[in-house]
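Trainee:
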Amino acid sequence: MTEKTSHNETPQANAPQHEAQPHEAAAQAENHDSHGEDSLAGAGSAEERIAALEERLAEMEDRWKRSEADNQNLRSRHKRELEDTRHYAVQKFARDVVEAAENLHRGLSALPPQAEGEDALITRLREGFEGTERSFLSILERNGITRVDPTHGPFDANLHQAMQEQEVDHLPPNHVVQAWTPTWMLKDRLLKPAMVIVSNASSTGSAPGKD
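So the sequence shown is numbered by this note's numbering: it starts at 4 and just counts up by one.
Set out below in structure tokens:
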């Protein structure tokens with residue numbers, strides 16, 4: 004009797020253990036689903052961070068391009084200012100030099116016109132003045148100083164200084180009849196305006212053709 008009782012109790016003691024297994028499986032499945040949802044949530048967050056980083060990168064790239072453009076403009080402006088300073092720093096000195104060139108030309112113009120049988124001294128003096136003037140003008144041109152003869156061209160108040168008006172029949176109004184001095188330029192900047200006589204409104208000529 005005692006042995007039967009002991010054999011019968013053993014399955015009953017083990018029964019709850021077998022009945023608990025389905026509940027454990029369900030719990031494990033539920034935990035697995037929970038981990039999957041967390042993984043998807045993490046993936047969505049990573050995509051958002053990547054998008055934010057890409058937007059930030061694009062913004063920084065745009066700022067860098069603008070900064071580089073500003074720096075390039077600043078360098079170009081600084082270079083132009085240095086070139087202007089270098090080209091025009093001698094402007095006052097150049098103005099004095101062209102005054103000397105004009106005085107040399109006046110001395111040459113003061114000589115009598117060349118004539119047959121003139122004194123050899125006058126001939127050598129004229130040739131010396133002409134050679135000196137050519138050399139002087141060549142030196143000025145190499146340093147960016149040029150002279151322009153405005154005779155018979157249109158009057159330009161930016162380049163010419165009208166000393167008087169004159170009625171003529173070979174030029175239209177507002178043209179240079181005669182230039183007492185040439186226009187002097189330092190590169191593309193006016194160094195000294197020409198002093199000129201201008202044809203008045205009563206002038207009846209036509210404008211000279213271009214060569």
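C-beta: ideal position from N, C-alpha, C; glycine also. Note that the structure is predicted; figures quoted are calculated from it, not measured.
1) Considering Cα atoms alone, identify which of P196, R137, D191 is closest to F158.
2) Restricting to runs no shorter than 4 residues, where is the alpha helix (DSSP H) found entirely within the stretch 61-142?
3) Taking DSSP as the reference, what is the three-state secondary structure of S48?
4) Should S206 go down as buried or exposed, given a rule of 16 or more other Cβ atoms within 10 Å for buried?
5) Rounded C-beta distance between A182 and L143? I'm assuming under 8 Å.
6) Could you tell me whether the Cβ atoms of L114 and R129 are closer together than 8 Å?
7) Starting from the Cα of E133, find the closest Cα among G110, L60, N74 and give me that residue.
8) Would you mind sorting H163 into buried or exposed? The rule is 16 or more other CB atoms within 10 Å of its CB.
9) From A46 to D65, what does the alpha carbon distance come to, in whole angstroms?
10) Kindly indicate which three-state DSSP category E170 falls into: helix, strand or coil?
11) Is the separation between the beta-carbon of T154 and that of V179 shorter than 8 Å?
12) So, helix, strand or coil for A210, using DSSP?
Mentor: According to the structure data:
1) Residue mapping note: residue 158 aligns to position 155 of the sequence shown, counting from 1. The candidate whose alpha carbon is nearest that of F158 is P196.
2) 94-112
3) Walking along the sequence shown from the start, residue 48 turns up at place 45. S48 falls in the helix class under three-state DSSP.
4) For the purposes of this step, residue 206 is identified with residue 203 of the sequence shown, where counting begins at 1. It is buried - the Cβ of S206 has at least 16 other Cβ atoms within 10 Å.
5) Counting from 1 along the sequence shown, the entry for residue 182 is found at position 179. Counting from 1 along the sequence shown, the entry for residue 143 is found at position 140. Not quite, the Cβ-Cβ distance comes to about 18 Å (not below 8 Å), so this is no contact.
6) Along the sequence shown, read from residue 1 onward, the residue named residue 114 stands at position 111. Along the sequence shown, read from residue 1 onward, the residue named residue 129 stands at position 126. It is a contact, given that the beta carbons lie within the stated cut-off.
7) Against the sequence shown, residue 133 aligns to sequence position 130. Nearest C-alpha to E133: G110.
8) Here residue 163 corresponds to residue number 160 of the sequence shown, with the count starting at 1. Its Cβ being crowded by 16 or more others within 10 Å, H163 is buried.
9) Against the sequence shown, residue 46 aligns to sequence position 43. Against the sequence shown, residue 65 aligns to sequence position 62. At A46, the pLDDT of 49 sits below 50, so the modelled position is not reliable and the matter cannot be decided from this model.
10) Position 167 of the sequence shown, counted from the start, is the residue given in the question as residue 170. Reduced to three states, the DSSP call for E170 is coil.
11) Numbered from 1 along the sequence shown, position 151 holds the residue referred to as residue 154. Numbered from 1 along the sequence shown, position 176 holds the residue referred to as residue 179. Closer than 8 Å, so yes.
12) Counting from one through the sequence shown, the residue named residue 210 turns up at place 207. Correct three-state label for A210: coil.
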